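Enquirer:
Numbering (my numbering), first residue to last: 66 to 251.
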């Protein structure tokens with residue numbers, strides 16, 4: 066084994082820890098608002114669908130946290146925020162593929178189908194490797210690391226579902242209306 070040396074140890078009281086968790090929660094909300102705004106400005110309709118998918122991702126996360134009694138700690142919030150970033154990244158991969166297909170002259174519906182199909186392997190590979198890392202961290206880590214690994218792992222599984230299923234379902238629903246089939250909206 067490698068020699069490990071403890072450099073610093075801190076003890077945080079309950080009140081200070083509570084303040085940090087509240088600040089982290091507000092930072093996560095602000096980050097979500099900024100990311101949502103960026104997605105809508107940059108991707109228009111696709112960005113709006115991404116925001117809806119991210120909201121569903123958040124609801125699924127909260128529902129899962131209430132089913133499995135999860136104590137939210139700072140490392141847990143970090144895992145949640147990182148998995149949220151992966152959910153955004155998955156949507157961006159899909160949307161860029163859709164844009165590429167539209168630039169190649171495909172119809173909107175064909176571009177959406179091909180965009181999801183072409184992005185699947187990258188998204189699944191990234192999520193699977195992250196899940197493997199979470200599993201290893203959970204096995205060998207301390208309690209804080211286990212909390213981070215657990216929330217990141219749960220978030221990554223939910224992210225995989227929402228990015229590949231929810232986004233596609235909402236996109237198919239919107240494009241079923243003729244007024245939303247204009248290429249300039251995408």
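All C-beta atoms, glycine included, are put in the ideal place defined by N, C-alpha and C. These numbers were taken from a predicted model, which means no experiment stands behind them.
If you pair each beta-carbon of the segment 163 to 170 with each one of the segment 114 to 126, do three or more pairs fall below 8 Å?
Expert: Per the Cβ contact rule, the segment 163 to 170 is not in contact with the segment 114 to 126 (fewer than 3 Cβ pairs under 8 Å).
Enquirer: Measure the beta-carbon distance from residue 206 to residue 214 and round it to whole angstroms, keeping in mind my assumption that it falls under 8 Å.
Expert: Taking the chain shown and counting its residues from 1, the one referred to as residue 206 is at position 141. Taking the chain shown and counting its residues from 1, the one referred to as residue 214 is at position 149. Confirmed, about 6 Å.
Enquirer: Taking 8 Å as the cut-off, does the segment 93 to 105 touch the segment 139 to 154 (at least 3 CB pairs, one atom from each stretch)?
Expert: yes
Enquirer: Please state whether DSSP places residue 134 in a helix, a strand or coil.
Expert: Within the chain shown, numbered from 1, the residue matching residue 134 stands at position 69. Residue state, collapsed to three classes: coil.
Enquirer: Using CA atoms only, rank isn't needed, just tell me which of 142, 163, 110 and 119 is closest to residue 100.
Expert: The residue you call residue 100 lines up with position 35 of the chain shown. The candidate whose alpha carbon is nearest that of residue 100 is 119.
Enquirer: Using alpha carbons as the reference points, say which of 155, 102, 194 and 103 lies closest to residue 183.
Expert: On the chain shown, position 118 is the one that residue 183 refers to. Nearest C-alpha to residue 183: 155.
Enquirer: May I ask which residues mark the beginning and end of the alpha helix (DSSP H) holding residue 180?
Expert: Residue 180 sits at position 115 when you count from the first residue of the chain shown. Looking at the DSSP string, the run of the alpha helix (DSSP H) that includes residue 180 is 173 to 205.
Enquirer: Does the Cβ-Cβ distance between residue 144 and residue 218 come in under 9 Å?
Expert: The residue given as residue 144 occupies position 79 in the chain shown. The residue given as residue 218 occupies position 153 in the chain shown. Contact flag set, yes.
Enquirer: Taking the alpha-carbon positions, what's the residue 136 to residue 121 distance?
Expert: Sequence index remark: in the chain shown, residue 136 carries index 71 (1-based). Sequence index remark: in the chain shown, residue 121 carries index 56 (1-based). Cα to Cα, the separation comes out at about 21 Å.
Enquirer: Anyone know if the C-beta pair for residue 192 and residue 244 falls short of 9 Å?
Expert: In the chain shown, counting from the first residue as 1, residue 192 sits at position 127. In the chain shown, counting from the first residue as 1, residue 244 sits at position 179. Their beta carbons are not under 9 Å apart, which means residue 192 does not touch residue 244 by this criterion.
Enquirer: Just mark residue 241 as buried or exposed, buried being the case when its beta carbon has 16 or more other beta carbons within 10 Å.
Expert: For the purposes of this step, residue 241 is taken as the residue at position 176 of the chain shown. The residue is exposed, with fewer than 16 neighbouring Cβ atoms inside 10 Å.
Enquirer: In the DSSP assignment, find the unbroken alpha helix (DSSP H) run with residue 218 in it and report its ends.
Expert: Start at 1 with the first residue of the chain shown, and residue 218 comes out as number 153. Element bounds for residue 218: 208 to 226.
Enquirer: By how many angstroms is the C-alpha of residue 111 removed from the C-alpha of residue 159?
Expert: On the chain shown, position 94 is the one that residue 159 refers to. On the chain shown, position 46 is the one that residue 111 refers to. For residue 159 and residue 111, the distance between alpha carbons rounds to 10 Å.
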